[in-house]
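K.L.:
One structure, as structure tokens, below. Some questions next.
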Amino acid sequence: MFILKLIFKNAFRHKLRTWLTIVGITIAILAYGLLRTVISTWYAGVESSSATRLVTRNAISLVFSLPLSYEESIRHVPGVKFVTRDNWFGGIYIDEKHFFPSFAIDPKNYLPLVPEFVIPGDQQAAFIRDRNAALAGRKIAEKYHWKIGDTITLKGTIFPGNWEFVLRAIYHGRDKSTDETFFLFHWDYLNEALKKTASRRADQVGFYFIGVTSPNLAAEVSQAIDKMFKNSLSETLTETEKAFQLGFISMSEAIIVAIRMVSFVVIIIIMAVMANTMAMTARERFGEYAVFKALGFGGVHLAGLIFGESLVIAILGGAAGIALTFPVARAFGRAMDNYFPVFNVAKTTIYMDMAAALLIGLVAGIVPAWRAVHIRVADGLRRIG
Amino acid sequence: MSIVEIQNLSKAYHRGSQVVPVLNDLTFDIKEGEFLALMGPSGSGKSTLLNLIAGIDRPDGGTIKVGAIDITALTETQLARWRADNVGFIFQFYNLIPVLTAFENVALPLLLTGLSKSERREHVEIALSIVGLNDRMDHYPGQLSGGQQQRVAIARAVITDPALLVADEPTGDLDRVSAGEILDLMERLNAESGKTIVMVTHDPRAAGKAHVIKHLEKGVLNVYPETHF
Chain U
1 MFILKLIFKN AFRHKLRTWL TIVGITIAIL AYGLLRTVIS TWYAGVESSS
51 ATRLVTRNAI SLVFSLPLSY EESIRHVPGV KFVTRDNWFG GIYIDEKHFF
101 PSFAIDPKNY LPLVPEFVIP GDQQAAFIRD RNAALAGRKI AEKYHWKIGD
151 TITLKGTIFP GNWEFVLRAI YHGRDKSTDE TFFLFHWDYL NEALKKTASR
201 RADQVGFYFI GVTSPNLAAE VSQAIDKMFK NSLSETLTET EKAFQLGFIS
251 MSEAIIVAIR MVSFVVIIII MAVMANTMAM TARERFGEYA VFKALGFGGV
301 HLAGLIFGES LVIAILGGAA GIALTFPVAR AFGRAMDNYF PVFNVAKTTI
351 YMDMAAALLI GLVAGIVPAW RAVHIRVADG LRRIG
Chain D
1 MSIVEIQNLS KAYHRGSQVV PVLNDLTFDI KEGEFLALMG PSGSGKSTLL
51 NLIAGIDRPD GGTIKVGAID ITALTETQLA RWRADNVGFI FQFYNLIPVL
101 TAFENVALPL LLTGLSKSER REHVEIALSI VGLNDRMDHY PGQLSGGQQQ
151 RVAIARAVIT DPALLVADEP TGDLDRVSAG EILDLMERLN AESGKTIVMV
201 THDPRAAGKA HVIKHLEKGV LNVYPETHF
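Put into structure tokens, the structure is as follows:
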């Protein structure tokens, strides 16, 4: 208790210097936490993907479609429970600034595949029943003040024209990581329209979303599907939903690596600042350390005092940084909800924040502690005189 | 009976390639219960000799026995332990820890003992009463006068009841009245508690309190006849 008191008192001998250092650590930990959250948000889709879901797409590229006729063949592969046709619609609401992901789906087969989308029973039935019905996530419904029964017009980019939908259902996420910005509508509605306006593009599917009976069957089913369409006009590539999502992320890997490096650089910079603070502190107190040694205190005691002081400053800064991460992340998420539909601070981010704060404290104490332990008592006392 | 036996002690400092001898082949004893004053001009090696006797510096040659222990043969850890048990330090500039109260400063050496909190409190209160500062125990060094700070330092020096007290210019930073009080206190500790005191001083008045005065010049003792009172 006595030693702990001494450590705290020592830490705040130079109040301005200590508080500035704490503020520096707070900002660094906050920045580190936000950057780590940006990275984990990037992987949010991967995290929320299910092990029982597969995606079958054209083996050449996602931009090439697959024939509608594949659906029945896939449905009969042993282990397949659900198959739904899926097309990226890429619609624009109002203007380009108002972006949210929009897909054409087969509701009857799609909804059982996504139990993380929680929809009231009557709304789900209405969505399935009406061909021009739409299902929207809670976040975009709230953002645009949509109500059930509203007519929503999207401007097609891949499929030109103005597309009108009636909002029949709003889903909310079962988990924090569920994206609540999806806009889903009937694939048949899209296909019927294409038959009239661009018949060449009708009966084409962007990708198939498949549910398997057991995660253990994922590899087997994937191989069976791809084998079935080998040497056809449209060969397929079937992969788990996770691998499919990671494929998207790999396109922006350079950005993620850059963000990750910046997050580490922030910590290294504050580590240097903190080390400088501790070096100054220790230099000013070499005389005192000599007195401690003269009184019989050993190197372990002195190292304990210095590391203790360093850790107190780092932990206070780290705790403040962690506490601020939540409100700042919420504000950041709100401001950037077009780009980051899910922006939650993960537990692992907090653990990494804590580890970073402890590391800052420990590293900053190494050199001063080493010097204090090795100072000769007579030399240290001469500094005072 | 001698408490300190010094044999052929030598010490030199190195300034770059230059070797500056400080103590040359000193041999002398300090009797148990003696109050010894070491005098001499600046740079004569008084403080170096004091540091060697107190075990906070190492000689280049010779031996120092305190009690039955040759402290020149101890490791750093053993020496630290030995100092904690056997030596009380009184410095010119008091060297109190500014963020600790008088009570806490005095209690500091007791952290190395196995005493309980209540036992430590009891010891500190006795030590502070000896130096007449019971009413100042919650004061920080900055709130005390120089003389009071030195009295706190003396309480810290005697708290573990060491046999040997070493004092380096204990009155060097004090006014005449405060210096007199400190010297009286040291004299009392020597007379009533039987502490062996080795004091470095420039002040003839301070040296006048000692039983024995040794003069050190150019690293050699007794250039002038040893003075006994």
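These protein sequence lines are chains U and D, in that order.
Going by the working numbering, 58 is the number at position 58 of the first sequence; the sequence numbering is gapless.
Going by the working numbering, 151 is the number at position 151 of the second sequence; the sequence numbering is gapless.
Think of the CB as a built atom: it goes at the ideal place given N, C-alpha and C, for glycine as much as any other residue.
1) Which residues does DSSP list as the beta-bridge partners of residue 70/D?
2) Per DSSP, residue 11/D forms a beta bridge with which residues?
3) Starting from the beta carbon of residue 298/U, find every residue of chain D whose beta carbon is closer than 7 Å, and list them in chain order.
4) Counting only the same chain and skipping the five closest in sequence on each side, list residues whose C-beta sits under 8 Å from that of residue 218/U.
5) Note down the Cα distance separating residue 120/D from residue 107/D, rounded to an integer number of angstroms.
6) Between the Cα of residue 40/U and those of 365/U, 284/U and 246/U, spot the shortest distance and give me the residue it belongs to.
7) Would you decide whether residue 213/D is buried or exposed? Buried here means 16 or more other CB atoms lie within 10 Å of its CB.
8) Which residues does DSSP list as the beta-bridge partners of residue 278/U?
9) Give the range of the alpha helix (DSSP H) segment to which residue 10/U is assigned.
10) Please report the straight-line C-alpha distance between residue 341/U and residue 109/U, rounded to a whole angstrom.
11) DSSP on residue 102/U, reduced to helix/strand/coil?
12) Leaving out the 5 sequence neighbours to the left and right, which residues in its chain are closer than 7 Å to residue 193/U when beta-carbon positions are compared?
13) Whole angstroms is fine: what's the gap from residue 92/D's alpha carbon to residue 167/D's?
14) Return no unless some Cβ of chain D is closer than 9 Å to the Cβ of residue 378/U.
15) So, for residue 214/U: in the same chain, excluding its five sequence neighbours on each side, which residues have a beta-carbon less than 8 Å away from its beta-carbon?
16) May I have the straight-line CA-CA distance separating residue 24/D from residue 217/D, to the nearest angstrom?
17) In chain D, what lies closer than 9 Å to residue 371/U by C-beta?
18) If you follow the beta strand (DSSP E) that residue 185/U is in, where does it begin and where does it stop?
19) Per the DSSP calculation, residue 197/D is bridged to which residue(s)?
20) In its own chain, which residues sit with a C-beta less than 6 Å from the C-beta of residue 384/U, not counting the 5 before and 5 after it?
21) Could you tell me if residue 334/U is buried or exposed, where buried requires 16 or more neighbouring beta carbons within 10 angstroms of its beta carbon?
22) What residue ranges within the region 249-317 of chain U form continuous alpha helix (DSSP H) runs of no fewer than 4 residues, ordered along the chain?
23) Take the Cβ of residue 122/U as the centre, count every other Cβ of all protein chains shown within 10 Å, and call the residue buried at 16 or more, exposed below.
24) For residue 259/U, which of 238/U, 38/U and 319/U has the nearest alpha-carbon?
25) Please classify residue 209/D as buried or exposed, where buried requires at least 16 other C-beta atoms within 10 Å of its C-beta.
26) Apply the 10 Å Cβ neighbour rule to residue 182/D and answer buried if 16 or more other Cβ atoms are within range, or exposed otherwise.
27) Does DSSP put residue 52/U in a helix, a strand or coil?
28) Straight-line CA distance for residue 377/U to residue 22/D?
29) Measure the beta-carbon distance from residue 46/D to residue 200/D and round it to whole angstroms, keeping in mind my assumption that it falls under 8 Å.
30) Distance, Cα to Cα, residue 197/D vs residue 221/D?
31) What residue range is occupied by the uninterrupted alpha helix (DSSP H) comprising residue 347/U?
32) Starting from the beta carbon of residue 291/U, find every residue of chain D whose beta carbon is closer than 7 Å, and list them in chain order.
33) So, under 8 Å CB-CB, residue 71/U and residue 189/U are touching, yes? Tell me the CB distance rounded to an integer number of Å.
34) Starting from the beta carbon of residue 283/U, find every residue of chain D whose beta carbon is closer than 7 Å, and list them in chain order.
35) Could you give the distance in angstroms between the alpha-carbon of residue 162/D and the alpha-carbon of residue 349/U?
36) Under three-state DSSP, which class holds residue 209/U?
P.N.:
The short version:
1) 65/D
2) 23/D
3) 77 and 80
4) 51, 52, 54, 212 and 240
5) 7 Å
6) 246/U
7) buried
8) The partner list for residue 278/U (beta bridge, DSSP) is empty, contrary to what the question assumes.
9) 2-11
10) 25 Å
11) strand
12) none
13) 8 Å
14) yes
15) 52 and 79
16) 10 Å
17) Under the 9 Å cutoff, chain D gives no residues; its nearest Cβ is about 15 Å from residue 371/U.
18) 183-186
19) 35/D and 165/D
20) Reliability of the predicted coordinates at residue 384/U is poor, the pLDDT of 48 falling under 50, and no value is obtained from them.
21) exposed
22) 253-284 and 286-294
23) exposed
24) 38/U
25) buried
26) buried
27) coil
28) 18 Å
29) 4 Å
30) 18 Å
31) 347-374
32) 95
33) Going by Cβ atoms, the distance from residue 71/U to residue 189/U rounds to 17 Å, so no, they are not a contact pair.
34) Per Cβ cutoff of 7 Å: no residues; residue 283/U is ~16 Å from chain D at best.
35) 54 Å
36) strand
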